[in-house]
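S.K.: In mature numbering (1 follows the signal peptide of the UniProt record, and there is no 0), the protein residues as written are -24 to -1, 1 to 181.
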């Protein structure tokens, strides 16, 4: 690790802005080498908290029978609220116990996770650590390559460069299964700061 990238990682870890002219974009990291079975297992460990399954099941009971037109209407409402001062749907989701739990998980991992959100059986958000661009993820690979595939499905998306933060990040997506039934009930997206994960994975000098 170079002095520049090490300094950038330190700035990111402690929430400091990285000067936009100081660092060139490094090569994309190898996600298969970084997002190992151990990393996935750690994610599944905190997803096993009862608040996750309870929250998903509650929303599946509430919205499991929605038609596509109703799902689209909720998604449209979410997108509209992002531009408005009054945000009832967004506020209700962000104040949910699951969202508070995810925010705590994100904070405890000290910069490793850029964003966390959990979806129900329709692909609608149940809880999240920050405001997502949309409310329905059912038409995206993060949901389509996990929930309908298998109860233990894992999909890692391509790495993306964040020009503002000067980091590489990638989304780890997994199906969430009921602890007793073993059947898929929802899915989770964990956006991992690959630059930070690479720093932590580097052998000590």
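The beta-carbon is built from N, C-alpha and C at its ideal position, and this holds for glycine as well.
With residue 28 as the anchor, note down where its alpha helix (DSSP H) starts and where it stops.
M.R.: Counting from one through the chain shown, the residue named residue 28 turns up at place 52. Its alpha helix (DSSP H) spans residues 26 to 39.
S.K.: Which same chain residues end up closer than 6 Å to residue 123 when comparing Cβ atoms and leaving out the 5 residues on each side of it in sequence?
M.R.: The residue labelled residue 123 in the question sits at position 147 within the chain shown. So the qualifying residues of the chain are 151, 160 and 163.
S.K.: Below 8 Å on the Cβ atoms is my guess for residue 145 versus residue 167; work out the distance and round it to an integer in Å.
M.R.: As a first step, residue 145 must be located in the chain shown, where it is residue number 169. As a first step, residue 167 must be located in the chain shown, where it is residue number 191. Contact holds; Cβ gap of about 6 Å.
S.K.: The beta strand (DSSP E) that contains residue 107, what's its start and end?
M.R.: Position 131 of the chain shown, counted from the first residue, corresponds to residue 107. Taken as a continuous stretch (DSSP letters only), residue 107 belongs to no beta strand (DSSP E), as it is neither H nor E.
S.K.: Can you tell which of 72, 4 and 147 has the C-alpha that lies nearest to the C-alpha of residue 19?
M.R.: Start at 1 with the first residue of the chain shown, and residue 19 comes out as number 43. Cα-wise, what sits closest to residue 19 is 147.
S.K.: Report the rounded CA-to-CA distance for residue 182 versus residue 154, giving the unit in angstroms.
M.R.: The question about residue 182 has no answer here: the residues shown for the chain are numbered -24 through 181.
S.K.: Do the stretch 127 to 142 and the stretch 62 to 76 make contact, defined as three or more Cβ pairs closer than 8 Å?
M.R.: Contact between the stretch 127 to 142 and the stretch 62 to 76 is absent, because fewer than three Cβ pairs lie under 8 Å.
S.K.: Which of the three DSSP states, helix, strand or coil, is assigned to residue 125?
M.R.: The residue given as residue 125 occupies position 149 in the chain shown. The answer is coil: DSSP assigns residue 125 none of H, G, I, E or B.
S.K.: I need the straight-line Cα distance from residue 93 to residue 121, nearest angstrom please.
M.R.: Counting from one through the chain shown, the residue named residue 93 turns up at place 117. Counting from one through the chain shown, the residue named residue 121 turns up at place 145. When rounded, the distance between both Cα atoms is 16 Å.
S.K.: Pull up the DSSP beta-bridge partners for residue 162, would you.
M.R.: For this step, residue 162 is matched to residue 186 along the chain shown. Beta-bridge pairing links residue 162 to 152.
S.K.: Let me confirm a value: residue 126 is counted as buried when at least 16 other C-beta atoms fall within 10 Å, else exposed. Which label applies?
M.R.: The residue you call residue 126 lines up with position 150 of the chain shown. Exposed.
S.K.: I'd like to check one pair, residue 99 with residue 112: are the Cβ atoms closer than 7 Å?
M.R.: Position 136 of the chain shown, counted from the start, is the residue given in the question as residue 112. Position 123 of the chain shown, counted from the start, is the residue given in the question as residue 99. Yes. Within cutoff.
S.K.: Rounded to whole angstroms, what's the CA-CA distance from residue 84 to residue 119? Just pull it up for me.
M.R.: Locating residue 84 in the chain shown gives position 108, counting from the first residue. Locating residue 119 in the chain shown gives position 143, counting from the first residue. When rounded, the distance between both Cα atoms is 26 Å.
S.K.: Classify residue 30: buried if its beta carbon has 16 or more other beta carbons within 10 angstroms, exposed otherwise.
M.R.: On the chain shown, position 54 is the one that residue 30 refers to. Residue 30 comes out exposed.
S.K.: Does the distance from the C-beta atom of residue 32 to that of residue 96 stay below 7 Å?
M.R.: Counting from 1 along the chain shown, the entry for residue 32 is found at position 56. Counting from 1 along the chain shown, the entry for residue 96 is found at position 120. Cβ distance < 7 Å, so residue 32 and residue 96 count as in contact.
S.K.: What are the boundary residues of the beta strand (DSSP E) that residue 22 is part of?
M.R.: As a first step, residue 22 is located in the chain shown; it is residue number 46 there, counting from the start. Taken as a continuous stretch (DSSP letters only), residue 22 belongs to no beta strand (DSSP E), being part of the alpha helix (DSSP H) at 13 to 23.
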